[in-house]
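The structure appears below as structure tokens.
Residue numbers (my numbering): 571 to 691.
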């Protein structure tokens with residue numbers, strides 16, 4: 571018996587939004603805060619609202635708004651961590667920096683990496 575073909579959830583045609591990954595460093599001097607240190611990686615991505623299974627993660631981390639970002643697997647040239655930030659190069663997300671909360675290789679399609687990021691309160 572043959573199983574019917576299931577279309578992958580994500581394909582390269584879905585990656586339509588440019589994003590940039592950043593590393594931040596503490597401010598010099600007595601003022602608290604962070605400044606952008608350098609650009610780590612640029613990629614095309616698919617942007618989704620937070621997935622239902624990630625809602626608990628959003629609640630526990632106290633974030634204002636969470637997104638799920640899917641990028642093509644960089645094949646070892648870069649791996650996002652929770653110490654990095656990302657920005658979405660689209661007018662709707664102008665001047666918003668998202669802190670990476672969770673990185674998850676897509677087990678259904680190993681060509682992609684899923685990232686949950688949020689704006690902290």
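Every residue, glycine too, gets a C-beta built ideally from N, C-alpha and C. Treat the numbers as computed from the prediction; the structure is a model and nothing was measured.
query, result
"Out of curiosity, what's the CA-to-CA distance linking residue 607 and residue 589?", "17 Å"
"Under 8 Å between the Cβ atoms of residue 666 and residue 687?", "no"
"Measuring straight from C-alpha to C-alpha, what distance separates residue 678 and residue 580?", "9 Å"
"On the criterion of 16 or more Cβ atoms from any shown chain inside 10 Å, does residue 638 qualify as buried, or is it exposed?", "buried"
"For residue 660 and residue 572, I'd like the C-alpha separation in whole angstroms.", "43 Å"
"Go through its chain and collect everything with a Cβ distance to residue 593's Cβ below 7 Å, but skip five positions before and after it.", "607, 608, 610 and 654"
"Check the C-beta distance from residue 616 over to residue 584 and give it rounded, since I have them as a contact under 8 Å.", "4 Å"
"Find the nearest neighbour of residue 651 within the set 618, 681, 591 and 586, judged by alpha-carbon distance.", "591"
"Suppose the cutoff is 6 Å on Cβ atoms and the five residues either side in sequence are ignored; what does the same chain contact list for residue 657 look like?", "590 and 667"
"DSSP has residue 636 in a bridge; who is on the other side?", "688"
"Since I believe residue 673 is in contact with residue 641 (beta carbons under 8 Å), could you give me their beta-carbon distance rounded to a whole number of angstroms?", "Going by Cβ atoms, the distance from residue 641 to residue 673 rounds to 10 Å, so no, they are not a contact pair."
"Tell me whether residue 659 sits in a helix, a strand or coil according to DSSP, three-state version.", "coil"
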